[in-house]
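Undergrad:
There are 2 protein chains.
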Amino acid sequence: MSRPRSGQRERIARATGHLFRHKGYHGTSMADIGAAVGLRKASLYNHLSTKHDMLRELVERGAVLFTDGMAPIATSSDPAADRLARAMRMHLRVVAEYPDVAIVFLQEWRQLEDEARLRVCQSRDRYEAAWRAMLADGIREGQFRPDLDIHFAALSLLSAANWAYQWYDPRGPLTSDQVADRFVEVALRGMASRESDQGERDRQ
Amino acid sequence: MSRPRSGQRERIARATGHLFRHKGYHGTSMADIGAAVGLRKASLYNHLSTKHDMLRELVERGAVLFTDGMAPIATSSDPAADRLARAMRMHLRVVAEYPDVAIVFLQEWRQLEDEARLRVCQSRDRYEAAWRAMLADGIREGQFRPDLDIHFAALSLLSAANWAYQWYDPRGPLTSDQVADRFVEVALRGMASRESDQGERDRQ
Numbered sequence: 001m002s003r004p005r006s007g008q009r010e011r012i013a014r015a016t017g018h019l020f021r022h023k024g025y026h027g028t029s030m031a032d033i034g035a036a037v038g039l040r041k042a043s044l045y046n047h048l049s050t051k052h053d054m055l056r057e058l059v060e061r062g063a064v065l066f067t068d069g070m071a072p073i074a075t076s077s078d079p080a081a082d083r084l085a086r087a088m089r090m091h092l093r094v095v096a097e098y099p100d101v102a103i104v105f106l107q108e109w110r111q112l113e114d115e116a117r118l119r120v121c122q123s124r125d126r127y128e129a130a131w132r133a134m135l136a137d138g139i140r141e142g143q144f145r146p147d148l149d150i151h152f153a154a155l156s157l158l159s160a161a162n163w164a165y166q167w168y169d170p171r172g173p174l175t176s177d178q179v180a181d182r183f184v185e186v187a188l189r190g191m192a193s194r195e196s197d198q199g200e201r202d203r204q
Numbered sequence: 205m206s207r208p209r210s211g212q213r214e215r216i217a218r219a220t221g222h223l224f225r226h227k228g229y230h231g232t233s234m235a236d237i238g239a240a241v242g243l244r245k246a247s248l249y250n251h252l253s254t255k256h257d258m259l260r261e262l263v264e265r266g267a268v269l270f271t272d273g274m275a276p277i278a279t280s281s282d283p284a285a286d287r288l289a290r291a292m293r294m295h296l297r298v299v300a301e302y303p304d305v306a307i308v309f310l311q312e313w314r315q316l317e318d319e320a321r322l323r324v325c326q327s328r329d330r331y332e333a334a335w336r337a338m339l340a341d342g343i344r345e346g347q348f349r350p351d352l353d354i355h356f357a358a359l360s361l362l363s364a365a366n367w368a369y370q371w372y373d374p375r376g377p378l379t380s381d382q383v384a385d386r387f388v389e390v391a392l393r394g395m396a397s398r399e400s401d402q403g404e405r406d407r408q
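First to last, the sequence lines map onto chains B and Y.
Counting in the working numbering, the first sequence runs from 1 upward without gaps.
Counting in the working numbering, the second sequence runs from 205 upward without gaps.
1) Determine the chain Y residues that contact M156 of chain B at a beta-carbon separation under 8 angstroms, and present them in chain order.
2) Determine the chain Y residues that contact A180 of chain B at a beta-carbon separation under 7 angstroms, and present them in chain order.
3) Assign L19 of chain B to one of two classes, buried (16 or more other C-beta atoms within 10 Å of its C-beta) or exposed (fewer than that).
4) Measuring only the C-alpha atoms, how far is P374 of chain Y from A391 of chain Y?
5) From the beta carbon of G394 of chain Y, is the nearest beta carbon of chain B less than 7 angstroms away?
6) Quick one: is D341 of chain Y buried, meaning 16 or more other Cβ sit within 10 Å of its Cβ, or exposed?
7) Please list, in chain order, the residues of the stretch 302 to 318 of chain Y that have any C-beta partner in chain B closer than 7 angstroms.
8) Between which two residues does the alpha helix (DSSP H) containing W371 of chain Y stretch?
9) Name the residue from Y:N250, Y:S380, Y:R215, Y:A364 whose alpha carbon lies nearest to the alpha carbon of L310 of chain Y.
10) Do L296 of chain Y and A358 of chain Y have their C-beta atoms within less than 7 angstroms of each other?
11) Who are the neighbours of A153 of chain B on chain D, taking C-beta pairs under 8 angstroms?
12) Considering only the alpha carbon of each residue, which of Y:M338, Y:G228, Y:R213 lies closest to S281 of chain Y?
13) Suppose only complete runs of 3+ residues qualify. What are the beta strand (DSSP E) ranges in the stretch 259 to 285 of chain Y, listed by chain order?
14) Alpha helix (DSSP H) containing D381 of chain Y: first to last residue?
15) Tell me, please, whether the CB atom of H230 of chain Y is closer than 7 angstroms to any CB atom in chain B?
16) Cα separation between G394 of chain Y and H355 of chain Y?
17) Classify R344 of chain Y: buried if its beta carbon has 16 or more other beta carbons within 10 angstroms, exposed otherwise.
18) Which runs of the alpha helix (DSSP H) fall wholly inside the stretch 222 to 251 of chain Y and span at least 4 residues, in chain order?
19) Exposed or buried, which one is G403 of chain Y when buried takes at least 16 other CB atoms within 10 Å?
20) Counting only beta-carbon separations shorter than 7 angstroms, does W367 of chain Y have a partner in chain B?
21) Please compile the residues from chain Y whose C-beta is within a distance smaller than 9 angstroms of the C-beta of D149 of chain B.
22) Assuming G221 of chain Y and D272 of chain Y form a contact by the criterion Cβ under 8 angstroms, report the distance between their Cβ atoms to the nearest whole angstrom.
23) Confirm, please, whether the CB-CB distance from L252 of chain Y to I216 of chain Y is below 7 angstroms.
24) How big is the Cα-Cα spacing for R287 of chain Y and A275 of chain Y?
25) Identify which residue in Y:S360, Y:P377, Y:D351 has its Cα closest to the Cα of Y165 of chain B.
26) State the Cα-Cα distance for the pair Q382 of chain Y and A291 of chain Y, rounded to the nearest angstrom.
27) Could you list which residues in chain Y have their beta carbon closer than 7 angstroms to that of K23 of chain B, in chain order?
28) For S176 of chain B, collect the residues of the same chain with a Cβ closer than 6 angstroms to its Cβ; drop the 5 residues on either side in sequence, then sort them by chain order.
29) Alpha carbon to alpha carbon, how far is G211 of chain Y from R89 of chain B?
30) At which residues does the alpha helix (DSSP H) containing G138 of chain B begin and terminate?
31) Compute the Euclidean distance between the alpha carbons of G231 of chain Y and K23 of chain B, then round it to the nearest angstrom.
32) Buried or exposed for E115 of chain B, please, with buried defined as at least 16 other CB atoms from any protein chain shown within 10 angstroms of its CB.
33) Given H256 of chain Y, which residues of its chain have a CB within under 7 angstroms of its CB, disregarding the five upstream and five downstream residues?
34) Identify which residue in B:G142, B:W167, B:E185 has its Cα closest to the Cα of S193 of chain B.
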């Protein structure tokens, strides 16, 4: 038996991500994965003991992409509105550049079991909390209206960002940054405080 | 062989919707469907010739729920903002009351083939067009700002509405109507024209 090579493992991860995205976790068999990378089942088991292992790995990759992308934005001292715009660009870039991993993270995480499921839920909660924190900062800074329902505003923004994988086409006319900017533009107007809105009016 | 009864067929449709929602189309076998309704494969084939038949039927049911719900709203002469709020309530009610059918419609439609896929795409296009038409009406009525990007505003609204199935819990504290109203509230502020916004300000 050959020793597992990390290049081979990476090839398996990519192929599995593609299969999970298009056929779902339950619709993908070890035989499908083997066929996609040209390995017999016995050789495949050298690299991968269960389908669930690979699901966990892919979902965790997705979590890391979003979490690492958010870290510098969450800790920046820029105005909340600017950070929200950066966060939306980052989120859509992950969806556009790593569609397999992003979609498996967004759609197949429910198939995770036990410990792995708990960990991804915690990671997801922290990510959503980072969005809510930016909105709370924007209220404190006087940019967003004080009665803003932070929970629902964050859900609206994340829903638009998450649903993008259903229709965004990287070969289409708009970059993911342009899509992000358009979503954020409407959202920022919706959340603007009377004062900041009036300020903008006075400047015009 | 027993003659197919429509009650049995309905039972099969419900069980299949539940399976497709939780395991995906590719992850569900005819044997799974048979086991869920307590029929042997041979009896199941009396009611259902292929898994794809049932997918087509379920996706079409979903399309009809959304399309029929939209019809009276699209043709109403109420102000656009009111119609948008009604459309959002209707959409979330379908998701909340018929989660299996709604999720299969939203998530598994890509597995449809040929003619059936084309029909559902056309139905979806008409539904999205109805949302864009309400936004265009709102601009004409002077309620929404004239430079609103109708395409993206409709996508934002529908994304929030569609993603709801990922987190909405009918046993939670909010009704689907309350969720809809909160989404629409932020969106309407974001889309308001300077004039209508000023009007609201003057009334306060």
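Note that CB positions come from ideal geometry on N, CA and C, so glycine has one too.
TA: With the given structure in hand:
1) As a position in the first sequence, residue 156 of chain B is number 156, starting the count at 1. According to the sequence shown, residue 156 of chain B is Ser rather than Met. Simply S360, A364, F387, V390, A391.
2) Counted from its first residue, the first sequence places residue 180 of chain B at position 180. The contacting residues do not exist; A180 of chain B stays about 11 angstroms from chain Y at best.
3) Against the first sequence, residue 19 of chain B aligns to sequence position 19. Burial call: buried.
4) By 1-based counting over the second sequence, the position of residue 374 of chain Y is 170. By 1-based counting over the second sequence, the position of residue 391 of chain Y is 187. Approximately 23 angstroms, taken between the alpha carbons.
5) Numbered from 1 along the second sequence, position 190 holds the residue referred to as residue 394 of chain Y. Yes, contact with chain B.
6) Sequence index remark: in the second sequence, residue 341 of chain Y carries index 137 (1-based). Buried: at least 16 other Cβ atoms inside 10 Å.
7) none
8) Position 167 of the second sequence, counted from the start, is the residue given in the question as residue 371 of chain Y. Here W371 of chain Y belongs to no alpha helix (DSSP H), and DSSP marks it neither H nor E.
9) In the second sequence, residue 310 of chain Y corresponds to position 106, counting from 1. Among Y:N250, Y:S380, Y:R215, Y:A364, the Cα nearest to that of L310 of chain Y belongs to Y:A364.
10) The residue you call residue 296 of chain Y lines up with position 92 of the second sequence. The residue you call residue 358 of chain Y lines up with position 154 of the second sequence. No; because the gap between Cβ atoms is not below 7 angstroms, this pair is not in contact.
11) Judged by its chain identifiers, the structure shown contains no chain D, and its protein chains are B and Y.
12) If you number the second sequence from 1, residue 281 of chain Y lands on position 77. Cα-wise, what sits closest to S281 of chain Y is Y:M338.
13) none
14) On the second sequence, position 177 is the one that residue 381 of chain Y refers to. Counting along the chain, the alpha helix (DSSP H) containing D381 of chain Y begins and ends at 380 to 395.
15) Indexing the second sequence from 1 puts residue 230 of chain Y at position 26. Yes, contact with chain B.
16) Sequence index remark: in the second sequence, residue 394 of chain Y carries index 190 (1-based). Sequence index remark: in the second sequence, residue 355 of chain Y carries index 151 (1-based). Roughly 14 angstroms between the two C-alpha positions.
17) Within the second sequence, numbered from 1, the residue matching residue 344 of chain Y stands at position 140. With fewer than 16 other Cβ atoms within 10 Å, it is exposed.
18) 234 to 241, 245 to 251
19) For the purposes of this step, residue 403 of chain Y is identified with residue 199 of the second sequence, where counting begins at 1. With a pLDDT of 48 at G403 of chain Y, under the threshold of 50, the predicted position of this residue should be treated as unreliable, though the coordinate-derived value follows. Exposed.
20) Taking the second sequence and counting its residues from 1, one reaches residue 367 of chain Y at position 163. Closer than 7 angstroms to some Cβ of chain B, the Cβ of W367 of chain Y qualifies, so yes.
21) As a working mapping, residue 149 of chain B is identified with position 149 in the first sequence. The contacting residues are R386, E389, V390.
22) Locating residue 221 of chain Y in the second sequence gives position 17, where the first residue counts as 1. Locating residue 272 of chain Y in the second sequence gives position 68, where the first residue counts as 1. Their Cβ separation, rounded to whole angstroms, is 18 angstroms, which puts G221 of chain Y and D272 of chain Y out of contact at 8 angstroms.
23) For the purposes of this step, residue 216 of chain Y is taken as residue 12 along the second sequence, with counting starting at 1. For the purposes of this step, residue 252 of chain Y is taken as residue 48 along the second sequence, with counting starting at 1. Going by C-beta atoms, I216 of chain Y is nearer than 7 angstroms to L252 of chain Y.
24) Here residue 287 of chain Y corresponds to residue number 83 of the second sequence, with the count starting at 1. Here residue 275 of chain Y corresponds to residue number 71 of the second sequence, with the count starting at 1. The straight-line gap from Cα to Cα measures roughly 11 angstroms.
25) Here residue 165 of chain B corresponds to residue number 165 of the first sequence, with the count starting at 1. Nearest option by C-alpha distance: Y:S360.
26) For this step, residue 382 of chain Y is matched to residue 178 along the second sequence. For this step, residue 291 of chain Y is matched to residue 87 along the second sequence. In a straight line, the C-alpha of Q382 of chain Y is about 13 angstroms away from that of A291 of chain Y.
27) Along the first sequence, read from residue 1 onward, the residue named residue 23 of chain B stands at position 23. What K23 of chain B touches in chain Y: H230.
28) Within the first sequence, the letter at position 176 stands for residue 176 of chain B. So the list reads L92, R93, A96, once near-sequence residues are dropped.
29) The residue labelled residue 211 of chain Y in the question sits at position 7 within the second sequence. The residue labelled residue 89 of chain B in the question sits at position 89 within the first sequence. Using only the alpha carbons, I get a separation of about 50 angstroms.
30) Numbered from 1 along the first sequence, position 138 holds the residue referred to as residue 138 of chain B. Looking at the DSSP string, the run of the alpha helix (DSSP H) that includes G138 of chain B is 114 to 140.
31) Taking the first residue of the second sequence as 1, we reach residue 231 of chain Y at position 27. Taking the first residue of the first sequence as 1, we reach residue 23 of chain B at position 23. Computed Cα separation, rounded: 8 angstroms.
32) The sequence position of residue 115 of chain B within the first sequence is 115, counting from 1. Burial call: exposed.
33) Here the question's residue 256 of chain Y lines up with position 52 in the second sequence. Closer than 7 angstroms at the Cβ level, and outside the excluded window around H256 of chain Y, lie E317.
34) Looking up residue 193 of chain B in the first sequence gives position 193. For S193 of chain B, the nearest C-alpha among the options comes from B:G142.
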